[in-house]
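K.L.:
One structure coming up, written as structure tokens, with questions to follow.
Residue numbers (the numbering used here): 261 to 789.
Pasting the structure below:
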């Protein structure tokens with residue numbers, strides 16, 4: 261099956277029957293199933309078959325989501341399966357009237373029952389793992405995990421085919437090799453050493469930080485291009501390189517990438533030509549430069565080291581873009597129970613924590629999402645229990661499943677919850693790459709979405725980031741990555757490019773045990789609160 265083509269039901273069923281599911285164990289059908297509960301996105305569900313040895317149903321779900329509302333679609337399919345008392349299913353999520361792109365998901369839930377045999381909850385511990393397939397998608401990962409392996413042997417094998425951690429490990433190993441190649445060239449090339457001489461010591465840390473930031477900016481743009489914000493081209497970055505002449509490729513960073521970083525992405529539209537003339541940049545080397553969005557936010561501010569002359573062999577960028585193009589980048593940060601089998605913004609944190617020198621001495625360790633989610637929920641429950649008189653059990657039910665338990669909360673309790681959530685102050689004194697604040701952002705977002713519908717997701721996220729979350733870290737690289745993840749969390753829900761908020765006073769570089777900051781009166785009040 262060609263995963264880079266539009267969805268075709270007949271081809272999809274053939275793939276499951278002939279190549280993927282256990283042989284002679286998949287019984288096909290095409291039965292339209294009635295949807296008992298009210299749905300916002302899913303409009304039709306067709307049962308495509310059953311695999312008895314895996315106790316697995318296969319469905320096609322047609323939906324109206326135009327912005328890929330993963331959270332909403334997940335909740336609706338969880339409820340559908342719970343009503344059918346099914347614990348496991350493969351689902352093709354296909355937009356109505358547009359078969360160009362679709363998601364192939366493994367859904368699993370645990371149904372909980374009381375000692376009396378009654379259902380305790382509609383569902384618990386739901387999981388959804390998905391491949392994003394179709395036109396203009398990178399298909400290396402689905403090829404490796406769905407096609408090149410033999411048929412699924414058992415349920416553990418099936419779960420492994422949708423395991424995002426294996427993809428992350430492979431991606432990081434290849435990313436590290438690219439990073440080390442760029443660092444080695446700068447450290448061993450006499451001309452480049454001379455360029456960076458006034459910033460360097462014998463440790464080479466300045467050069468390593470320079471390469472980390474350069475690659476981080478490029479990775480960020482791979483997420484942004486997935487939104488279609490770079491001239492509408494989902495492969496803009498690699499096309500930017502391939503369309504350049506040989507002499508431009510030989511000086512690609514200084515002549516193309518850096519003018520794009522500092523002259524476009526960090527410069528308002530009406531100032532770009534003047535800025536380009538002042539710096540000697542030729543913006544015409546960047547196709548469609550007029551449509552490159554102004555993002556600002558600090559990520560593309562020019563550092564002193566960015567002014568150093570840095571020329572890499574053209575093959576370095578050719579191989580880098582070819583490597584990135586083989587993976588599917590998803591802008592939405594995965595949650596423990598809804599993950600794309602691809603590269604999400606959390607990868608930035610994994611990269612930082614694994615490339616940080618002396619990370620053990622500095623206390624930088626990767627924390628699995630399940631642990632982050634558990635700790636964030638427990639902290640939020642404890643905070644709400646202290647600041648409301650609703651009762652811990654009701655609060656736990658609300659935090660774990662806001663939409664399902666909101667009907668059990670009185671109007672007075674609703675106001676108390678919303679007030680407590682709007683005024684909470686969360687500070688991570690060693691923010692690292694931002695795993696815990698990102699976890700709390702998602703928990704606060706889910707709770708507030710259930711309580712108020714006056715703001716959209718993007719506005720709610722921006723409000724939470726601006727009023728509820730703060731962080732400090734001694735490592736500048738950690739601060740850069742944490743800010744970047746918060747920016748991407750806003751990008752995912754914005755329908756059109758918007759300037760990013762400046763996070764200089766939200767996530768700061770410093771020693772939280774020793775430093776004091778001279779803050780204006782509004783910020784002093786924030787820290788008093």
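C-beta atoms are modelled at their ideal positions from N, C-alpha and C, and glycine is treated no differently.
These numbers come from a predicted model, not from an experiment.
Can you look up residue 323 in the DSSP assignment and give me helix, strand or coil?
P.N.:
strand
K.L.:
Nearest chain D C-beta to residue 651 closer than 9 Å, yes or no?
P.N.:
Absent from the structure: chain D. Only one protein chain is present.
K.L.:
Would you give the residue range spanned by the alpha helix (DSSP H) that residue 659 belongs to?
P.N.:
Counting along the chain, the alpha helix (DSSP H) containing residue 659 begins and ends at 652-660.
K.L.:
Closer than 6 Å by C-beta to residue 264: which residues in its own chain qualify, once you throw out the five before and the five after it? Chain order, please.
P.N.:
399
K.L.:
Do you know offhand how far residue 544's Cα is from residue 315's?
P.N.:
Taking the Cα positions, residue 544 is about 58 Å away from residue 315.
K.L.:
Using CA atoms only, rank isn't needed, just tell me which of 309, 331 and 358 is closest to residue 351.
P.N.:
Taking only the C-alpha atoms, the option nearest residue 351 is 309.
K.L.:
State yes or no: is the C-beta of residue 603 nearer than 8 Å to some heavy atom of the ligand GDP?
P.N.:
This structure simply doesn't include the ligand GDP, nor any ligand for that matter.
K.L.:
Does the Cβ-Cβ distance between residue 526 and residue 550 come in under 9 Å?
P.N.:
No, they are not a contact pair.
K.L.:
To the nearest angstrom, how far is it from the Cα of residue 415 to the Cα of residue 290?
P.N.:
24 Å
K.L.:
If you pair each beta-carbon of the segment 757-774 with each one of the segment 736-747, do three or more pairs fall below 8 Å?
P.N.:
yes
K.L.:
If I measure Cβ to Cβ from residue 590 and keep anything under 6 Å in the same chain, skipping five residues before and after, which residues do I get?
P.N.:
600, 602 and 604
K.L.:
What's the call for residue 688, buried or exposed, on a 16-neighbour Cβ count within 10 Å?
P.N.:
buried
K.L.:
My output table needs one value for residue 361: the three-state DSSP class, helix, strand or coil.
P.N.:
strand
K.L.:
Would you give the residue range spanned by the beta strand (DSSP E) that residue 354 belongs to?
P.N.:
348-355
K.L.:
Which residue's Cα is closest to the Cα of residue 404: 424, 266 and 436?
P.N.:
Among 424, 266 and 436, the Cα nearest to that of residue 404 belongs to 424.
K.L.:
If you draw a straight line from the alpha carbon of residue 711 to that of residue 266, how long is it in whole angstroms?
P.N.:
38 Å
K.L.:
CB-CB under 8 Å to residue 574, same chain, minus the five flanking residues each way: which ones, in chain order?
P.N.:
506, 509, 510 and 512
K.L.:
Closest by CA to residue 431, which one among 726, 587 and 691?
P.N.:
Nearest of 726, 587 and 691 to residue 431, Cα basis: 587.
K.L.:
Here's the rule I'm using: 16 or more other beta-carbon atoms within 10 Å means buried, otherwise exposed. How should residue 468 be labelled?
P.N.:
buried
K.L.:
Quick one: any contact between the segment 691-699 and the segment 723-736, if contact means 3 or more CB pairs under 8 Å?
P.N.:
yes
K.L.:
Tell me which residues share the same chain as residue 628 and place their Cβ nearer than 6 Å to its Cβ, disregarding the 5 neighbours each side in the sequence.
P.N.:
none
K.L.:
Give me the residue from 558, 659 and 607 with the minimum Cα distance to residue 765.
P.N.:
558
K.L.:
Report the option in 301, 453 and 556 whose CA atom is closest to the CA atom of residue 762.
P.N.:
556
K.L.:
So, do the segment 635-651 and the segment 433-440 have three or more beta carbon pairs nearer to each other than 8 Å?
P.N.:
no
K.L.:
State yes or no: is the C-beta of residue 681 within less than 9 Å of the C-beta of residue 669?
P.N.:
no
K.L.:
State the CB to CB distance for the pair residue 490 and residue 484, rounded to an integer number of angstroms; the pair is presumed to be in contact (CB under 8 Å).
P.N.:
6 Å
K.L.:
Within 10 Å of its beta-carbon, does residue 563 have 16 or more other beta-carbons around it, so buried, or fewer, so exposed?
P.N.:
exposed
K.L.:
Exposed or buried, what is residue 759 when buried is set at 16 or more other beta-carbons lying within 10 Å of its beta-carbon?
P.N.:
It is exposed - the Cβ of residue 759 has fewer than 16 other Cβ atoms within 10 Å.
K.L.:
With burial defined as no fewer than 16 other Cβ atoms inside 10 Å of the residue's Cβ, what is the status of residue 534: buried or exposed?
P.N.:
exposed
K.L.:
Does the beta-carbon of residue 744 have 16 or more other beta-carbons within 10 angstroms, so that it is buried, or is it exposed?
P.N.:
buried
K.L.:
With a 10 Å radius around its C-beta and 16 neighbouring C-beta atoms as the bar for buried, classify residue 703 as buried or exposed.
P.N.:
buried
K.L.:
For the beta strand (DSSP E) containing residue 760, name the first residue and the last one.
P.N.:
Where residue 760 is concerned, there is no enclosing beta strand (DSSP E), given that its DSSP letter is neither H nor E.
K.L.:
Please report the distance separating the alpha-carbon of residue 517 from that of residue 571.
P.N.:
As the crow flies, the alpha-carbon of residue 517 is around 12 Å from that of residue 571.
K.L.:
Can you find the residues in the same chain that come closer than 8 Å, C-beta to C-beta, to residue 412, ignoring five residues on each side of it along the sequence?
P.N.:
280, 281, 282, 314, 418 and 421
K.L.:
Got a sec? Which residues, its chain only, sit under 7 Å from residue 754 by beta carbon, not counting five neighbours each side?
P.N.:
718
K.L.:
If you follow the alpha helix (DSSP H) that residue 630 is part of, which residue opens it and which one closes it?
P.N.:
629-647
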